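What follows is a single structure, written as structure tokens, with notes after it.
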């Protein structure tokens, strides 16, 4: 089922209203992470390899950029500064991306402020994505916990209801 065919949570489709909470989709996986179906294993392998290849290609592009700095003879200080900047930004991007797989950000404004650091350290983000895909869909554990909590809450609310309200006896 494509994104256009899937009904939103709480709406109805051709079979009637959708019961309960709906799982959140994960990029490249959709909702296949719920039951590990629909080529989930192949998708995980593809994401892991793809992110690793993208990180390698990014490293190659950075290497060409660094060679350009050497050809321009900007000096040893700038060379060291560029290498340290990319290393630090990659480390920060790796850590923040990895943390994003386990919990929602407490301060979304701070995450927005770190967006440029993550863009500079894109190799760290790609490596985090690749490593996480080796064990699960990136962000699966977080979304599974939230989804199961929502299901339990839904079942509690549903169990508290007493069936069809029109069949209850009216008090006089």
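Residue numbers (the UniProt record's numbering): 1 to 172. A virtual CB, placed ideally from N, CA and C, is assigned to each residue, including glycine. Every value quoted in this text rests on a predicted model; they were computed, and no experiment measured them.
Remark: C-beta atoms of residue 143 and residue 23 approach each other more closely than 8 Å. Counting along the chain, the unbroken alpha helix (DSSP H) around residue 127 starts and ends at 122–133.
Across the structure, residue 100 and residue 161 are spaced so that their CA atoms are roughly 37 Å apart.
Distances from the CA of residue 128 to each of 61, 70 and 102 were compared; the closest alpha carbon is that of 102. Listed as beta-bridge partners of residue 92 by DSSP are no residues whatsoever. Taking the Cβ atoms as the reference, residue 122 lies roughly 18 Å from residue 68, outside the contact range of under 8 Å.
Taken in chain order, the unbroken stretches of alpha helix (DSSP H) that lie wholly in the segment 52–107 and span 4 residues or more are 76–100. When Cβ pairs closer than 8 Å are counted between the two stretches, the segment 70–82 is seen not to touch the segment 108–119, the count staying below three. Between residue 126 and residue 55, the CB-CB gap stays under 8 Å. Scanning its chain for C-beta atoms nearer than 6 Å, with the 5 sequence neighbours on each side dropped, one finds around residue 90 the residues 121, 123 and 124, in chain order. According to the DSSP assignment, residue 149 belongs to the alpha helix (DSSP H) that extends over 140–160. Taking all protein chains shown into account, residue 51 has 16 or more neighbouring C-beta atoms within 10 Å of its C-beta and is therefore buried. Contact annotation: residue 40 and residue 32 have beta-carbon atoms nearer than 8 Å. Here residue 76 is exposed. Its C-beta has fewer than 16 other C-beta atoms within 10 Å. When only Cα atoms are considered, residue 60 and residue 131 end up about 20 Å apart.
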